[in-house]
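S.K.:
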């Protein structure tokens, strides 16, 4: 949100020449009109790279990193550019490394439910390659038709079904890394618990600040035998949030539990025709998966909770077509909203599930204070909010107010014991908010660990860690966590 | 170790109170690591005291070994230096427990069994059944990288640890992650610290997501005359839609120790143990499908245990290291990590290797791809230990071919000739690990020399 164009640095002639020699001139873009496309990702930020390269092998990645290191040029990895926190933007210019030509599935081991992929493999393509055997790759971000597994690894991406199955880090077993000195290191492996420190666990979600990932070993899950998708319709938002609270408190574990508020579902319905009722205040899209017997029991429990919480209607998707249509409504919600406004800003914060009702009230207040309609379409089941603020980025006043509203929402999340980001990453969007969640010592440790991998700060500079180092006047204190014990 | 400076000890007593500094031989014997004793043990009561102790040790150039209840202190190589044990068992409070959010924040010295009792009152649990269950602490199980049979369904602790607070080797308090169930803010140091044996930092607080206790549970035991049948059942199970909590294959030598002469587990037979939890209908569905699968795999028998008999057998299997100690005066446990499809071949190789060195052996195969080889020599003579060492060395080599391997437990003498971390020659990630150690613990205060590659 701290939009700032990088001053083009003009690469040294020899940097460009050596990159062209290494990769072939056709795999190096450097004319301003060619690199223009890469100054955006899914966030509201803009930053123009000096050149964009398309390596095809690990060796080429290692070679280009060595050139960048020698000439002190920043290097930023990029998958499909669908990220929402500015993770793939060249904040300080330099080389954007696009992995779209390293998009091969290297190995599929159906017996052991493993796959080895290059980082540019599109998330959904992996599932398509194994679904004939009843397997799938669990992380399912809304952008899964486009986003790459390399990008998922960098951001530790989530999705609706992470409620039951965990985020990317729970499905990655091993990585091949290219370090900033050009060396190639393997961490983890195909087998569980490789002895030594869990470097795989450290690398997943490090947002491209520690290494470039060139190969990924993932776990595949077996598709459940039964799936039931329920749409619960509510006349009051409070009833919908109370339902989520109650489902959690009863420890019913749906595979997904998504909420769309009335304003958002109307925007979606207009565009997608998913079958959402236009006059509802909110809907919950709840999916139950597993053994037939387990799904039957859970569906009855969920139905009971929804009814007690005054759902107007609980509708069971009759068939796969209806189920897919409901999910299309959810997964295209942001696209639908985008039609309504020149710009929209999707936030990503997390709260304890018990705080959901008060949090939606607070978001509404914040919208009123700053003069915005704020929509809510989010992963209610794991407390992962995605408020959408519609604004016009061409209007500096609106832009500033959108930033302020967004910050106010994040402050609320932290004040109830939540987190700054549940799945989109810190990126450049929230790096300056990090001191609200972490102490100086926490951040200093992160900085020093980053320096082990990335000593010159050339790898994805300006991400995760605040730039306001040493500026006492802008430093903010972490908010104290509320302590709670059950009665 | 050199005798303590009185002044140094006095400063330590100032930090935590003289009552919490132990120097008498009887107390210290509980903190032995591979037979080596510290000259003092300190029992901090707060995270800040842990930090002060580390800063004190750093200033005095002393080496610390953090510990919880001391059940797994013999993991890893013997420490290069060992002055003071940091006993975290007084850090035993629940910081926050929000049953309605299924999240928990707990101090690292709390015993898992005590914690489970609290969770059970709210119908919840953590899937942390593993060896030394009654004594082990949260911090100890995390630092040791332990996992148990429930991993089949719930994953390892790394999969449900949400965040942690810890004290680095510089004596700084830091944290990572958070208390909410979904969070990608900042680097995941809490995962990095799992299995680090206290060589990077000392856990002070751990945050978990909790799970509902299954309303019904049952343990199914299928017996097989041959390993192949047991493997066939494993394969049929994991390729089915069933959702077992645990799936363990046990060789005859271990199986006969689990239960006294039951007709359904004939002597000389392999046992496949399948733990199932969930709604009653879910358990019955498993019972039904398992019966069919067991028949197809030519099981000699399939029995179902509920309630007390289930718990008795299950906890005996969970405590398999204790079984090894019952059987042998000098047991070694080698853990091999492999692909599930390779478990059978590796099991055969392990039995052959042990046989060649005339070391009695028992095997525990975990469905997710872990093979525990229990080497159970019937004496502890020098000659026996030499054969044991040779067998362990070959198993570590085999483990490296199939994935990875390490020694989880062995007579301390063995560590003079075997590196328990296994074969690392083909790995190139140890350099990064050393550099991370430098960042967290630049003066090598914490558990020096115990971890992989001499870290």
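Chains as they are written, first to last, in our numbering: chain A, 28 to 514; chain B, 418 to 872.
Where is the CB? At the ideal position from N, CA and C, for every residue including glycine.
These figures come from a predicted structure and were not determined experimentally.
1) Check the DSSP bridge columns for residue 470(B) and list the partner residues they point to.
2) May I have the straight-line CA-CA distance separating residue 759(B) from residue 517(B), to the nearest angstrom?
3) Let me check one thing: in DSSP terms, what residues is residue 861(B) bridge-paired to?
4) Please list the partners that residue 750(B) has in chain A, where partner means a Cβ-to-Cβ separation under 9 angstroms.
5) Does the CB of residue 353(A) have a neighbour CB from chain B at under 8 angstroms?
6) Quick check: the stretch 193-205 of chain A against the stretch 223-236 of chain A, are there 3 or more CB pairs under 8 angstroms?
7) From what residue to what residue does the beta strand (DSSP E) around residue 593(B) run?
8) Suppose contacts are defined by Cβ-Cβ distances below 8 angstroms. Is residue 831(B) in contact with residue 751(B) by that definition?
9) Return the bridge partner residues of residue 720(B) from the DSSP annotation.
10) Look at the Cβ atom of residue 858(B), then the Cβ atom of residue 616(B), and state whether they are nearer than 8 angstroms.
11) Among 761(B), 826(B) and 856(B), which one has its Cα closest to the Cα of residue 881(B)?
12) Based on Cα-Cα distance, which residue from 772(B), 646(B) and 765(B) lies nearest to residue 719(B)?
13) Can you pull out the residues from the stretch 601-617 of chain B whose beta carbon lies closer than 9 angstroms to at least one beta carbon of chain A?
14) Taking CB distances under 8 angstroms as the criterion, tell me whether residue 549(B) reaches chain A.
15) Can you give me the C-alpha to C-alpha distance between residue 446(B) and residue 472(B), rounded to a whole angstrom?
16) Quick one: does residue 546(B) have its CB under 8 angstroms from some CB of chain A?
17) Spell out whether any CB of chain B is found under 8 angstroms from the CB atom of residue 8(A).
18) Just to confirm the assignment, what range does the alpha helix (DSSP H) spanning residue 898(B) have?
19) Name the residue from 655(B), 671(B), 592(B) and 477(B) whose alpha carbon lies nearest to the alpha carbon of residue 664(B).
20) Of all the alpha helix (DSSP H) runs that stay within the bounds of the stretch 514-579 of chain B, which reach a length of 4 or more residues?
21) Report buried or exposed for residue 208(A), applying the criterion of at least 16 other Cβ atoms within 10 angstroms of its Cβ.
22) Label residue 821(B) either buried or exposed according to how many other C-beta atoms from any shown protein chain fall within 10 Å of its C-beta, with 16 as the threshold for buried.
23) Can you pull the chain B residues whose beta carbon is under 9 angstroms from the beta carbon of residue 286(A), in chain order?
24) How many angstroms separate the CA atom of residue 455(B) from the CA atom of residue 689(B)?
25) At the 8 angstroms Cβ level, is residue 518(B) part of the contact set with chain A, yes or no?
26) Which bits of chain B does residue 419(A) rub up against, with CB to CB less than 7 angstroms?
27) Could you name the residues of chain A that residue 869(B) contacts, counting a contact when the two beta carbons are closer than 9 angstroms?
28) Threshold first: 4 residues or longer. Then list the alpha helix (DSSP H) segments lying entirely within the stretch 118-193 of chain A, N to C.
29) Going by alpha carbons, who is nearest to residue 87(A) out of 243(A), 304(A), 120(A) and 129(A)?
30) Can you give me the Cβ contacts of residue 289(A) inside the same chain, cut-off strictly under 7 angstroms, excluding the 5 residues immediately before and after it?
31) Looking at C-alpha atoms only, which residue of 295(A), 325(A) and 398(A) is the closest neighbour of residue 363(A)?
32) Hey, residue 414(A) and residue 436(A) are a contact pair by Cβ (cut 8 angstroms); roughly how many whole angstroms apart?
33) Taking the Cβ atom as the reference point for each residue, do residue 584(B) and residue 555(B) lie within a distance shorter than 8 angstroms?
34) Checking the sheet assignment: what are the DSSP bridge partners for residue 414(A)?
35) If we count the other Cβ atoms within 10 Å of its Cβ and call it buried at 16 or more, is residue 723(B) buried or exposed?
36) What would DSSP say about residue 822(B), mapped onto helix, strand or coil?
M.R.: In terms of the structure at hand:
1) Paired residues: none, contrary to the question.
2) 42 angstroms
3) Paired residue(s): none; residue 861(B) is not in a bridge.
4) None at all; the shortest Cβ gap to chain A is about 14 angstroms.
5) Not closer than 8 angstroms to any Cβ of chain B, the Cβ of residue 353(A) fails to qualify, so no.
6) yes
7) 590-594
8) no
9) 638(B)
10) yes
11) What is shown of chain B runs 418 to 872, which leaves residue 881(B) out entirely.
12) Nearest to residue 719(B) by alpha-carbon distance, out of 772(B), 646(B) and 765(B), is 646(B).
13) If the cut-off is 9 angstroms between Cβ atoms, the stretch 601-617 of chain B has 601, 602, 603, 604, 605, 606, 607, 608, 609, 610, 611, 612, 613, 616 and 617 near chain A.
14) Nearest CB-CB separation between residue 549(B) and chain A: not below the 8 angstroms threshold.
15) 25 angstroms
16) no
17) Because chain A in this structure spans residues 28 to 514, residue 8(A) falls outside the shown range and cannot be described.
18) Because chain B spans 418 through 872 in this model, residue 898(B) falls outside it and cannot be assessed.
19) 655(B)
20) 529-538, 555-560 and 568-571
21) exposed
22) buried
23) Per Cβ cutoff of 9 angstroms: no residues; residue 286(A) is ~15 angstroms from chain B at best.
24) 43 angstroms
25) yes
26) Under the 7 angstroms cutoff, chain B gives no residues; its nearest Cβ is about 29 angstroms from residue 419(A).
27) 222, 223 and 224
28) You should have 150-157, 176-182 and 189-192.
29) 129(A)
30) 307, 308 and 309
31) 295(A)
32) Yes, they are in contact, since the Cβ atoms of residue 414(A) and residue 436(A) sit about 6 angstroms apart, within 8 angstroms.
33) Not in contact: residue 584(B) and residue 555(B) (Cβ atoms no closer than 8 angstroms).
34) 403(A)
35) exposed
36) strand
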